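See below for the structure under consideration.
Residue numbers (the numbering used here), protein chains in the order written: chain A, 1 to 227; chain B, 1 to 421.
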């Protein structure tokens, strides 16, 4: 059985004359431990696809199956639980809450998972040590550099030990060196057995992955293994 | 832990928008207080109606007054030409003796009290905007009501302190004190048993405070289509005078006032008028008229309260809609401002239900604070029912004003939320 499968996925936004078909009949199978890049030009549907995989939105039609469970028929509360337990999400804008400390930002998914205080403290310490942010836990996002913010964002995404790690243009707001460092973190996560899916329009980043899914006008144009 | 997140979210929302939240609390407090005032007025009107219903039942109610334009008749009476005083006194006795009605002598006057410490609000005609002020600042012309024996029992008037008038209070002998009962607002100025010097109808008397009326005591008064609120009035007995002495100015002036009063009867207006005119003819007294205005006090009070009530209900509806709309719009604004943050929460595993709880919690916090303040203030200023009225109003407003923001939250799209940054 495949770890993650998308069957005939379509996603439509708007109605009538304003209707836009963002995804058209997408079929993908993803195995455990893959490192995948989804590429394509702006507006080709790659972020929409990532949001469906991450349980952030539901397809208009088709089936999304995750380890045998049909996620596409989940309600909002079930999706929230699915995201919390299985998905780590990193976005270009970091998605950190500005008036919360780095500690509180990283602790947020753990709180929603119902963890106790001592468990939260322990896990946040592990993650901040790993991301080299131990001395920044009481800082606010505005007091950190872009790279540090993205590392904090990764730490939060990893807080609940997700099965799949999704990154939407994760280096878009970072300089080249910082971007490389972030990508190295993704690679090491993948080497640890985690499935990592990166949405990017940067072909250099895509070349570092094992598989590349190229999208065009809401369809899969190419899907090939790189290594 | 999850309750903790919701609570932290509410507090953060409050801190982030503390001025708007503060203004919302003030607005809700003012609206709740106004609702309490409206309710208090409705309750007061209702209690006035039910009180008069209890004491008067379905009887009709007429005013007896002299003709204010009959200057010649009045002048002749005051000069006691042709025994006018005796004629009026006989007419007064006829009014009191008539079996088919009850005659209550009750009319407004003023007493000149020798006390500089009385505030202006107690002055005669203060509410009309033209208070009578004495040249001597140490004396004050204050509002007073004289009442016959049966006024207290007929209208269910009681005292909150001291005692009511007794039979002996309605007969005055030289050198005695005239017992007076003071309206509620006099409590801060005079005390029980205090003796006051003053003049009534140009005669000097000593007045003794024997009681205080409860707050909001109302008495129907001759010439008035409704009742008067007695909180700023001195109530004195319509006392009798010494028949054997020479007829004084005071005797004539007081009798003239005592004949003005209220008739409560089962008879219709035509019958009452016919009997009044017959007594005038029989006694030869000068012209007095009976007025049909407000001939049924219940009808009069009810019609006043009904028009007042419908006005108050309109104000109540407008205020409630205004409060609900303000909260809904403001909270909706908060939600839109916090879209990105909600997106992060949803991304981290929050359910839309968490956001709904946070919105309900925030509105509940606003309404709870305004409820607490308005309950305390309302209890002191309006009525003991203020906490109950405030609670009902707060719960209704909180529930209705949550509907719109909750619908907005339920429709949020996480994907869009994150991209809005």
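Ideal placement from N, C-alpha and C gives every residue a C-beta, glycine not left out.
Model, not experiment: these values are computed from the prediction.
How big is the Cα-Cα spacing for residue i and residue j?
i: residue 288 of chain B; j: residue 66 of chain B; result: 4 Å
i: residue 151 of chain B; j: residue 134 of chain B; result: 30 Å
i: residue 282 of chain B; j: residue 275 of chain B; result: 10 Å
i: residue 125 of chain B; j: residue 252 of chain B; result: 24 Å
i: residue 46 of chain A; j: residue 125 of chain A; result: 34 Å
i: residue 12 of chain B; j: residue 105 of chain A; result: 14 Å
i: residue 326 of chain B; j: residue 227 of chain B; result: 39 Å
i: residue 119 of chain A; j: residue 348 of chain B; result: 17 Å
i: residue 36 of chain A; j: residue 209 of chain A; result: 6 Å
i: residue 175 of chain A; j: residue 88 of chain A; result: 23 Å
i: residue 110 of chain A; j: residue 172 of chain A; result: 27 Å
i: residue 482 of chain B; j: residue 132 of chain B; result: There is no way to answer for residue 482 of chain B, as the model of chain B reaches only from 1 to 421.
i: residue 404 of chain B; j: residue 19 of chain B; result: 22 Å
i: residue 67 of chain A; j: residue 3 of chain B; result: 31 Å
i: residue 219 of chain A; j: residue 51 of chain A; result: 15 Å
i: residue 168 of chain B; j: residue 108 of chain B; result: 22 Å
i: residue 216 of chain B; j: residue 70 of chain B; result: 36 Å
DSSP three-state call for residue i: helix, strand or coil?
i: residue 175 of chain A; result: coil
i: residue 114 of chain B; result: coil
i: residue 148 of chain A; result: helix
i: residue 237 of chain B; result: strand
i: residue 394 of chain B; result: helix
i: residue 206 of chain A; result: helix
i: residue 107 of chain A; result: helix
i: residue 274 of chain B; result: helix
i: residue 14 of chain B; result: helix
i: residue 66 of chain B; result: strand
i: residue 243 of chain A; result: A question about residue 243 of chain A goes unanswered here, because the residues of chain A that appear run from 1 up to 227.
i: residue 162 of chain A; result: coil
i: residue 103 of chain B; result: strand
i: residue 109 of chain B; result: strand
i: residue 177 of chain B; result: strand
i: residue 211 of chain A; result: strand
i: residue 350 of chain B; result: coil
Is the shortest distance between the beta-carbon of residue i and the beta-carbons of chain B less than 8 Å?
i: residue 95 of chain A; result: yes
i: residue 59 of chain A; result: no
i: residue 112 of chain A; result: yes
i: residue 86 of chain A; result: no
i: residue 155 of chain A; result: no
i: residue 109 of chain A; result: yes
i: residue 184 of chain A; result: no
i: residue 80 of chain A; result: yes
i: residue 89 of chain A; result: yes
i: residue 15 of chain A; result: no
Does chain A have any CB closer than 8 Å to the CB of residue i?
i: residue 333 of chain B; result: no
i: residue 353 of chain B; result: yes
i: residue 397 of chain B; result: no
i: residue 23 of chain B; result: no
i: residue 337 of chain B; result: no
i: residue 20 of chain B; result: no
i: residue 40 of chain B; result: no
i: residue 185 of chain B; result: no
i: residue 361 of chain B; result: no
i: residue 350 of chain B; result: yes
i: residue 5 of chain B; result: yes
i: residue 436 of chain B; result: Since the first residue of chain B shown is 1 and the last is 421, residue 436 of chain B is not available in this structure.
Apart from the five residues on each side of it in sequence, which residues of its chain come closer than 8 Å, Cβ to Cβ, to residue i?
i: residue 140 of chain A; result: 98, 99, 100, 101 and 102
i: residue 228 of chain A; result: Nothing can be reported for residue 228 of chain A, as the shown portion of chain A is limited to 1 through 227.
i: residue 74 of chain A; result: 55, 58 and 82
i: residue 189 of chain A; result: 158, 165 and 196
i: residue 352 of chain B; result: 346, 409, 410 and 412
i: residue 358 of chain B; result: 6, 9, 10 and 13
Check the C-beta distance from residue i over to residue j and give it rounded, since I have them as a contact under 8 Å.
i: residue 363 of chain B; j: residue 331 of chain B; result: 6 Å
i: residue 101 of chain B; j: residue 264 of chain B; result: 6 Å
i: residue 62 of chain A; j: residue 72 of chain A; result: 7 Å
So, for residue i: in the same chain, excluding its five sequence neighbours on each side, which residues have a beta-carbon less than 6 Å away from its beta-carbon?
i: residue 160 of chain B; result: 212 and 214
i: residue 194 of chain B; result: 209
i: residue 259 of chain B; result: 92
Between which residues of its own chain and residue i is the CB-CB distance below 7 Å, once the five residues before and five after are set aside?
i: residue 390 of chain B; result: 32, 36, 371, 374, 375 and 378
i: residue 273 of chain B; result: 290
State yes or no: is the C-beta of residue i nearer than 7 Å to some heavy atom of the ligand GTP?
i: residue 61 of chain B; result: Within the structure as shown, the ligand GTP is missing, as the structure has no ligands at all.
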